[in-house]
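Line by line, the protein sequences are chains D and R. Heads up: the first sequence begins at 1114 in my numbering, then just goes up one per residue. Heads up: the second sequence begins at 1114 in my numbering, then just goes up one per residue. For reference, the structure discussed in these notes is given below.
Number of protein chains: 2
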Amino acid sequence: MPVAEARYDVFQAVADSTRRSMLTLLAETDTELPISRIAEHFPISRTAVNKHLHVLTEAGLVSNRKVGRETRYKLRPDPLRDLQRWLTYFDRYWDNKLIALKAFVEEDDSERVEG
Amino acid sequence: MPVAEARYDVFQAVADSTRRSMLTLLAETDTELPISRIAEHFPISRTAVNKHLHVLTEAGLVSNRKVGRETRYKLRPDPLRDLQRWLTYFDRYWDNKLIALKAFVEEDDSERVEG
DNA sequence: TAAACGTGAAACCAAAAGGTGTTATAAAAA
DNA sequence: TTTTTATAACACCTTTTGGTTTCACGTTTA
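Following this line, the structure appears as structure tokens:
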């Protein structure tokens, strides 16, 4: 983010697989983590990790607090509700198209259960 | 089969607000639409609309068929279930008074995945 | 105080994303 | 056949994104 407030929304924040992994990491540990601990899990520089965390912060998906010389990041899943709410619209669509969905489910099911 | 080897995955496809609008447009009309009809709703060129539809196609979120000189696009919401499934991981981190329809989809989903 | 540590910020870069206009092609209409 | 319509394909441009290295600043530790 060079200058302006680039304002990332939750859709953009979640579009990147590295950021999704960071969210699941924070969810799994179920506690706050400093950047160095987070960076251990990714093959990128700590600066790059910091940028991703900044994007997640702007989307409201993580928060941070300073503890000594550390900055600890914590999961804030609430904005995911926006995603959830958006998907709800298509949940209804699936409901209406249940027959087609059912066909898809059965077809895929037979591929792995058989045998 | 939802999204095999696509350049764009569902998360990326949905990250753009224009593409999200296209999906809701197709869902609202609940029918197939040619590009020109879709382009009417957006302040960008038809070429740009075509590119967005191409991204959505690669993500498996729309399909198309040629009818005369038209190419009609139709919503394929199934890949959104990948998004849905990812979100369910974070369900336990917010108040779990979840949407009933989501619970229904999740229940249906348990028929074909690990469960 | 000085040194080491953890982080944030800046400058920079390559590639991708989102946009444009133009051209090519196939189908419908005159 | 000729023209118009609908779309795809191509070349191109600009901004954004994800990454790097370097450096400055505040916090701990010696």
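Don't be surprised by glycine CBs; every beta carbon is placed ideally from N, CA and C. As the structure is a prediction and not an experimental result, all values here were calculated from the model.
Which listed residue (1202/R, 1172/R, 1195/R) has its alpha carbon closest to that of residue 1188/R:
1172/R
Buried or exposed: residue 1165/D, going by 16 or more other Cβ atoms within 10 Å of its Cβ?
Classification for residue 1165/D: buried.
So, is residue 1190/R buried or exposed, given that buried needs 16 or more other C-beta atoms within 10 angstroms?
buried
Selection of the segment 1194-1205 of chain D by Cβ proximity to chain R, strictly under 9 Å:
1194, 1196, 1197, 1198, 1199, 1200, 1201, 1202, 1203, 1204, 1205
Reduced DSSP category for residue 1171/D - H, G, I as helix; E, B as strand; rest coil
Residue 1171/D carries a helical assignment under DSSP once its states are collapsed to helix, strand and coil.
Distance between residue 1160/D and residue 1151/R (C-alpha atoms, nearest Å):
Spanning the two alpha carbons is a distance of roughly 41 Å.
How far does the beta strand (DSSP E) with residue 1185/D in it reach, from first residue to last?
1183-1188
How long is the line joining the alpha carbons of residue 1223/R and residue 1158/R, rounded to whole angstroms?
Any answer about residue 1223/R is weak, because its pLDDT of 47 lies below 50 and its placement is not dependable; what the coordinates show is given next. When rounded, the distance between both Cα atoms is 42 Å.
Give the interface partners of residue 1282/R over in chain D, defined as CB-CB distance under 8 Å, in chain order.
This structure gives no information on residue 1282/R, because the portion of chain R shown stretches from 1114 to 1228.
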